[in-house]
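In my numbering, the protein residues as written are 39 to 126. The beta carbon of each residue, even a glycine, is placed where N, CA and C say it ideally should be. Notes follow once the structure below has been shown.
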């Protein structure tokens, strides 16, 4: 099973939010996922718009998961974002 780190849409109409998830590449975008790795809220202020579990992202990348272009760009742009050290 090939795994990707991608964004899954959540939220209301005209007020989208996203989950950063580990998901099988053959699954549709908003269907079953293996694990929630964080949240991206594009309408929040810059300091509160991204919350990520870095230890779990490192785990999935070590297992061979590839981040999508959008997730890679989010991680690069938001190096000062809130990072959860705990995995739960």
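If you draw a straight line from the C-alpha of residue 44 to the C-alpha of residue 111, how long is it?
Walking along the chain shown from the start, residue 44 turns up at place 6. Walking along the chain shown from the start, residue 111 turns up at place 73. The straight-line gap separating the alpha-carbon atoms of residue 44 and residue 111 is approximately 11 Å.
By DSSP's criteria, residue 59 is part of a beta bridge. Which residues make up the other side?
On the chain shown, residue 59 is found 21 positions in, with the first residue counted as 1. According to DSSP, which records beta bridges pairwise, residue 59 is partnered with 44, 74.
Comparing alpha-carbon positions, which option in 66, 56, 70 lies nearest residue 80?
Taking the chain shown and counting its residues from 1, one reaches residue 80 at position 42. For the residues 66, 56, 70, the minimum Cα distance to residue 80 belongs to 56.
I'd like the span of the alpha helix (DSSP H) that includes residue 112, first residue to last.
Residue 112 sits at position 74 when you count from the first residue of the chain shown. Unbroken alpha helix (DSSP H) run through residue 112: 107-115.
Under 8 Å, do residue 72 and residue 95 count as touching if we go by C-beta distance?
Taking the first residue of the chain shown as position 1, residue 72 is located at position 34. Taking the first residue of the chain shown as position 1, residue 95 is located at position 57. No, these two residues do not count as a Cβ contact at 8 Å.
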